[in-house]
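To start, the structure under review is shown below, and the notes come after it.
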Amino acid sequence: MVQEKQLSTKKIIQERQLQSKNGYAMLGLGVFLQVAGVALLLNASEHTLVSVVAKLLLNVIGTMIFAGLYMLQPNEAVLLSLFGDYKGTDRSEGLRWANFLYTKRKLSLRARTLNTPPLKVNDKRGNPVEIGAAIVWRVEETALAIFNVDDFERFVQVQAEAAIRHLAAQYAYDDGEDLATGETTLRAGMDVVANAMRQELHNRFVAAGIDVEDAKLTHLAYAQEIAQVMLRRQQAEAIISARKKIVQGAVSMVEEALQGLSERQIVELDDERKAAMVSNLLVVLCSDKETQPVINTGTLYN
């Protein structure tokens, strides 16, 4: 009950659009009021109290207008608040004007890149691996980014590291006999892993109003303590795979040779001679070294 009460009292401020006024028109009005005040004071025949007050009033109004001016670049927003009360966000471009009492905090809406350094994490098998990523993100909800988290840039860095660690634990680094057929791995399923990481980051960044535009792995390797062992394992698997293909090809070639000799009736071979021929051909075709031919001047039986 206490936890539910705490969650219910949590206030999340959503972004509200605030329509500011044209800054160029307000700038002209402010200049006009300042000039009018000076002219009124200079042209007055007598510096009466009314003229002095009118001049001061015009100057004060002009100064307040100048204080409310601000400039916004493309892909830039300003959060406006009045004595701590959030009034809205202005995304208009150019010279704008709002109440001079508003506190103005500018915020860039441009895309930003976070390149995480290689992190040492454990994959699905528990093997230590090094993994790094490049994340392209931007502020989508300005109010959430400023008022819902303390420092949204630090928030992005910490949550990105946590997401990468969590993602790496869901996949194995490479294929193996302990994995199901077609199971995604970090090395072979880069696109699937990137999409999963993008979704993981989106779920973590949504509380801060951050949108993830792209996320890709930039570094993936075994940790140094097991890198040599895993390299030998990969080499052994490559050799085994190559040997299997060599044997399959050799068997096909021997089968074609026996079939060709039989169809063309070049020579009649009994089972024992076929076995000897098959053995010799397989040795020649499957050997990783050059074979030395032995010329038999006799017969197979002598």
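With full-length UniProt numbering applied, the sequence shown corresponds to residues 1 to 302, in that order.
Here a beta-carbon is modelled for each residue, glycine too, at the ideal position from N, C-alpha and C.
By how many angstroms is the C-alpha of F205 removed from the C-alpha of R243? 49 Å
State the Cα-Cα distance for the pair Q17 and G88, rounded to the nearest angstrom. 5 Å
First through last residue of the beta strand (DSSP E) which encompasses E93: Careful: E93 lies outside any beta strand (DSSP E) and carries neither H nor E.
Counting Cβ pairs closer than 8 Å, one from the region 122 to 130 and one from the region 101 to 109, do we hit at least three? no
Distance between beta carbons of L107 and L79, contact taken as under 8 Å: 6 Å
Under 8 Å between C-beta atoms of A207 and I13: no
Check whether the Cβ atoms of H219 and V212 lie closer than 8 Å to each other. no
Would you kindly check if the distance between the Cβ of L114 and the Cβ of W137 is under 8 Å? yes
Unbroken alpha helix (DSSP H) run spanning N195, endpoints: Counting along the chain, the alpha helix (DSSP H) containing N195 begins and ends at M190 to F205.
Can the beta-carbon of Y173 be found closer than 8 Å to that of T185? yes
Do you know how far the Cα of A276 is from the Cα of G249? 19 Å
Nearest by alpha-carbon distance to P117: which of M64, Q170, L72 and V158 is it? V158
L101 lies in the beta strand (DSSP E); which residues open and close that run? Segment: none, L101 is in no beta strand (DSSP E) and carries neither H nor E.
Can you name the residues that DSSP bridges to N22? R96
Residue range of the beta strand (DSSP E) that includes L69: L69 to L72
Between Q73, V247 and K21, which lies nearest to N99 when the distance is taken from Cα to Cα? K21
Where the beta strand (DSSP E) through R165 begins and ends: It is not in any beta strand (DSSP E) - R165 instead sits in the alpha helix (DSSP H) that spans F152 to A168.
Which residues mark the beginning and the end of the beta strand (DSSP E) in which G84 is found? Per DSSP, G84 belongs to no beta strand (DSSP E) and is neither H nor E.
I135 and A111 - do their beta-carbons sit closer together than 8 Å? no
Bridge-paired residues (DSSP) for A221: DSSP output for A221 lists E130 as bridge partner(s).
Below 8 Å on the Cβ atoms is my guess for I61 versus L33; work out the distance and round it to an integer in Å. 5 Å
Local conformation of L109 per DSSP, three classes: coil
Three-state secondary structure (DSSP) at N148? helix
Report the residue from V251, F66 and E93 whose alpha carbon sits nearest the alpha carbon of E76. E93
Alpha-carbon spacing of V139 relative to Q170, whole angstroms: 28 Å
Applying the criterion that 16 or more other CB atoms from any shown protein chain within 10 Å of the CB defines a buried residue, is M197 buried or exposed? With 16 or more other Cβ atoms inside 10 Å of its own Cβ, M197 counts as buried.
Work out the CA separation of A133 and M1 for me, nearest whole Å. Because the pLDDT of M1 is 43, which lies under 50, any placement of that residue in the model is unreliable, and the number read from its coordinates should be weighed accordingly. Whole-angstrom Cα-Cα distance: 40 Å.
Does the distance from the C-beta atom of A188 to that of A215 stay below 8 Å? no
Do you know offhand how far N59's Cα is from A67's? Separation of N59 and A67 (C-alpha to C-alpha, rounded to the nearest whole angstrom) is 12 Å.
Given a cut-off of 8 Å, decide if Y222 and V129 are closer than it, judged by their beta-carbon atoms. It is a contact, given that the beta carbons lie within the stated cut-off.
Quick one: what does DSSP say A180 is sitting in, helix, strand or coil? coil
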